[in-house]
Every structure is written in C-alpha cells, then in structure tokens.
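**Q**
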Amino acid sequence: MWWTTILDWISGGLAGKVVEAYKARLDAGNTTDRIAADLASRDIAARQAIVQAELASWFTALPRVTIEMIFAVYIAKLVIWDKVLALGSTDALTGDLGSWASIVIGGMFGHAIAGRIAGIFTGR
Numbered sequence: 855m856w857w858t859t860i861l862d863w864i865s866g867g868l869a870g871k872v873v874e875a876y877k878a879r880l881d882a883g884n885t886t887d888r889i890a891a892d893l894a895s896r897d898i899a900a901r902q903a904i905v906q907a908e909l910a911s912w913f914t915a916l917p918r919v920t921i922e923m924i925f926a927v928y929i930a931k932l933v934i935w936d937k938v939l940a941l942g943s944t945d946a947l948t949g950d951l952g953s954w955a956s957i958v959i960g961g962m963f964g965h966a967i968a969g970r971i972a973g974i975f976t977g978r
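Quick note on our numbering: the sequence shown kicks off at 855 and runs consecutively.
1. Going by other Cβ atoms of all chains shown within 10 Å of its Cβ, with 16 needed for buried, is Gln902 buried or exposed?
2. What three-state label does DSSP hand Ala946 in the structure shown?
3. Using three-state DSSP, classify Ala903 as helix, strand or coil.
4. Select from Thr886, Ala900 and Ile889 the residue whose C-alpha is nearest the C-alpha of Gly973.
5. Within 10 Å of its beta-carbon, does Lys871 have 16 or more other beta-carbons around it, so buried, or fewer, so exposed?
6. Mark Ser943 as exposed unless 16 or more other C-beta atoms lie within 10 angstroms of its C-beta, in which case mark it buried.
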C-alpha cells in the first residue's frame, strides 16, 4: 500500500518492521512463530527505549538537537525569507548534504510516527 511506503521512507524502515512484526504475530500458527513475532516486537520497543534514553540527558541530546536545529533554521530561511517575503535566494543542498538533510528531517518527524505505530501494536 502507498501509506506503508511513505511511513517506511519517513521512519527509515522502522514502520515497516513494526507492521511486519504485528502481521507475523497475528499470523503465527504455532508457539515458535508466536515467540519469534513477540521477539521482533520487543526488539523494536527496545530500539525506541534506547532513543528515549539518549534524549533523557541534555548532554546526550545536545548533538541531535543541534543538528536538527541547523536544518530547521535552513528550512525556515528558505520558506519565510526566500519564498514568503521574496527577499533572497538560497542555493539548494547538493551531494551528501542533501541526503543528510533528508535523513535528519525524516528523523525529526518520523520517530514520533514510528513510536505511535509501535505503541498501537505493542499495546502501550
């Protein structure tokens, strides 16, 4: 479906793994399959817990927040200054920097979406 493709792109593949784990859990015919599906769900929940633990301290959250803010300021400059007020023009990001921007922006918004989806499937 088209929405799973979008979620995979935004979340870096985490949403697809959550959906696959949930489907495997539903389709599990025997105990071994159920255990494997539960382990996949727990693995995803553990990855989310690691990200939350990283953000718990300002010291560990600072690099992530700094990089996110740099791209947020860049986007705000593009939208407000260049497009809305028509007071300038900014070159497009090229090469690796453009790829990094896509990854950072996807992470800024995708982690919340993936967290909500995982919460639905894990019952939290």
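Ideal Cβ placement from N, Cα and C applies to all residues, glycine included.
**A** Put simply:
1. Burial call: buried.
2. Assigned with DSSP and collapsed to three states, Ala946 falls in coil, not helix or strand.
3. Correct three-state label for Ala903: helix.
4. The option with the nearest alpha carbon to Gly973 is Ala900.
5. The residue in question, Lys871, is buried, as its Cβ has 16 or more Cβ neighbours within 10 Å.
6. Only exposed fits Ser943, as fewer than 16 other CB atoms lie within 10 angstroms of its CB.
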